[in-house]
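In what follows, a structure is listed as C-alpha cells, so that the remarks can point back to it.
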Amino acid sequence: MMKTGITFIRSLRSAPAAPVLLAAVLAALSGCGDPPPADLSLPSKENLYEYSIAVARRARSLVPSGRARALFNTGFVHERFGMEEKAEELFRAGLELDPITVDVYESLAQIYSLSDRSAEAIKACHMALRYDPNARGIWTRIGQVLSHMQRHEEAIEAFRTELRRETGDAWTRANLGLACKALGRWEEAAAAYQGALELDPGMREALYGMAEALPRLGKAAEANAYLERWKAIKKKEEGEDLEHRQGQADDLAQQNADAARAWFDAANLFITEYNLAGNNRQRKEAFLNHAKEALEESLQLDPANRTAHLMRLDMISKAGTLAELIAASTQAADSMPADPIFSLKLAQHHMRALAGKPSAPGIHRVAAQQAIRRTLEIVPNHMEANGLLAEILLNSGARDANTLNEALACAKKAVDNSRIPNATAYNLLARTYFTVGLLNDARKSLEEGLQRLPDEDTAGSADLQRKLNALLTRINSGNK
C-alpha cells in the first residue's frame, strides 16, 4: 500500500469485512482449537519483523480461545513494520469477532489516512469514540483528517472538542493553530500555538507557527524571538552528519521497540487468560509464567518500556515475593533513571522489608535512602518522596543536628506540596518537631492540619485531634 495520504504533525492511529475476507483469515487460523504445538521455538532476531510475527503466532497457539485478540496482535505487528494491507485484513477480520475494540479502530484510522481514505478514517475514529467517548486524542485525529480535506471550520471544532473534554495535548493545540492559520485567523492561531508551547516549550512546529502569526498581528519583534528559538532547535536536531550516523541505529532501536511490543501484547493476552482461569490453579500458574516470560523478553528488547515495567511490578506485587519485587524495581529504576516513579517504588519496597522487623538487614535502610534521594534529585518537591525521606531519617535513630534538620526540611516540603492537605503529612511534621524538641511547633502543625483538612476527612481529623490532645497533656504537665 502506497503511503500517499495525509502527512500529519503526529500520525493517526470501519467498514465491515467481507465474508470472503473473514473466511480466508479464519482459515489461516485453522487448528486454533487444537493443543499448542510442542515446538514453540522462535526464529533468530536477525529479522525482527519475522521474529515478531512468530511471537504473535506463538501467543495465539498458547491461547487458542483468544482468537480476536490474536488477530489484532498479529495485525499490530504488520502495522508497526509498515505492512498496512496485511494489518487491515486482520483488523477487519478480528472486528467481526469482537467489534468493541478501541485500539483497533485507532489503527484503522491511521491506515485509512495513509492511503487517502479520509471518510473511512473519520468513521473509524467515530467507532472508537462510540465505544470509549473519553478516548484521548481521537478528536485530534478527526481534526487532522478534516484539515487534510480542507474542511478547516469542522477541523477547528474537532480540536476544540478535544480541548473541552480535557483529553488534548500540545499537538492538539498545534493542529488547531494550523487550521486557524489556513483560514487567516491569526489571533486564534497564535493563541493555539502559545498553548502548545506552554505544554511543550521546545515544539518546533509551534515555535515556527508563532513566528508566522505574530507579524500578522503587528508583533514582528516578538516573532523574531520565536524564530531564533526555532532555528536553534532545528540546527540542534537536524545536523545532516549526525542524522545520517544515527539513522541505522535509530531504525534498529525502533525495530527492537516494535518487537518488544509484540511480547507486551502477548503478555496482555496471557494475563487475560490468567484472570479467566478462576480456581484452576494449574492453569493460572501456567499463564502467569507465560506472562512473566513475555514481559522479560519485552524488556530485554526495550529496557525503557515504562508500561512493561509497571505491568511487571503490578504482576509481581500480586503473585511474587518481596525479593522479586525489589529486583524488578531496581531494574526499572536503573533502566529509566529519569523517571521518579521507579526509584520511589524501589524505596517503598525496601521500607516494606524493614517494616516491623528490627533485625532486617541494614542494607534495606541504606538502599531505601539511596533510592528516595534519586527520586528527589529528579523531583525535589515530590510530596511523597519528601515524606518518606523524613520518615527514613527519623527511623534511622540518628539524632545529630544535620540529620534532624534535613528530616524537618523534608517533612515541611511534604506538607507544603500536598495537593490536598492530609493527616499523614501533618502527623509526620509534628513528629519531626517533637523529635527535634520543638513541642510548640509540633502543636501548631497539628492545629494547622485540623484547620486545613477537608471536612470529609473525619478519620484524619480524629487522628490529628488524638495526637494534639496527647501532646497538650504532655506540654501542660511540663514533661518535655
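First residue of the sequence shown: 8, per my numbering; consecutive thereafter.
Note that CB positions come from ideal geometry on N, CA and C, so glycine has one too.
Note that the coordinates shown come from a computational prediction; the quantities given were computed from them, not determined experimentally.
- One Cα belongs to Ser-336, the other to Met-318, and the distance between them is close to 11 angstroms.
- Here Leu-214 has Tyr-233, Arg-236, Trp-237 as same chain residues with Cβ atoms under 6 angstroms from its own Cβ, once five neighbours each way along the sequence are excluded.
- The Cβ atoms of Ala-339 and Leu-308 lie no closer than 8 angstroms to each other.
- Within a 10 Å sphere around the beta-carbon of Ala-227 sit fewer than 16 other beta-carbons, which makes this residue exposed.
- Within the same chain, and ignoring the five residues on either side of Gly-456 in sequence, the residues whose Cβ sits closer than 6 angstroms to its Cβ are Tyr-433, Leu-471.
- Secondary structure note for Pro-428: it is in no alpha helix (DSSP H), with a DSSP letter that is neither H nor E.
- Around the beta carbon of Lys-474, 16 or more other beta carbons lie within 10 angstroms, which makes this residue buried.
- Separation of the CB atoms of Ala-162 and Gly-150 is rounded to 4 angstroms, and the pair is thereby assigned contact status at 8 angstroms.
- Here Ile-118 really is in contact with Glu-95; their C-beta atoms are around 5 angstroms apart, less than 8 angstroms.
- In this structure, the beta-carbon distance from Glu-391 to Leu-400 does not fall below 8 angstroms.
- In the three-state DSSP reduction, Ser-484 falls in the coil class, being neither helix nor strand.
- DSSP, read as helix, strand or coil, puts His-389 in coil.
- If you draw a straight line from the Cα of Leu-185 to the Cα of Leu-445, it is about 59 angstroms long.
- Exclusion of the five residues before and after Gln-262 leaves Leu-55 as the residues of its chain whose Cβ lies within less than 6 angstroms of its Cβ.
- In terms of Cβ geometry, Ala-197 and Leu-221 form a close pair [threshold 8 angstroms].
- Contact between Gly-101 and Ala-126 is ruled out by a C-beta separation of about 22 angstroms, above the 8 angstroms threshold.
- Exclusion of the five residues before and after His-297 leaves Leu-69, Phe-277 as the residues of its chain whose Cβ lies within less than 7 angstroms of its Cβ.
- Around the C-beta of Leu-436, 16 or more other C-beta atoms lie within 10 Å, and the residue is accordingly described as buried.
- In this structure, the straight-line span from the alpha carbon of Gln-157 to that of Leu-190 is close to 10 angstroms.
- When secondary structure is reduced to three states using DSSP, Leu-47 falls in the coil class, being assigned neither helix nor strand.
- Listed in chain order, the alpha helix (DSSP H) elements of length 4 or more contained wholly in the segment 165-231 are 177-189, 193-206, 211-223.
- Straight-line spacing of the CA atoms in Arg-381 and Glu-398 works out to 16 angstroms.
- A residue is called buried once 16 or more other Cβ atoms fall within 10 Å of its Cβ, and Asn-80 is buried on that count.
- Collapsing the DSSP output to three states places Thr-108 in coil.
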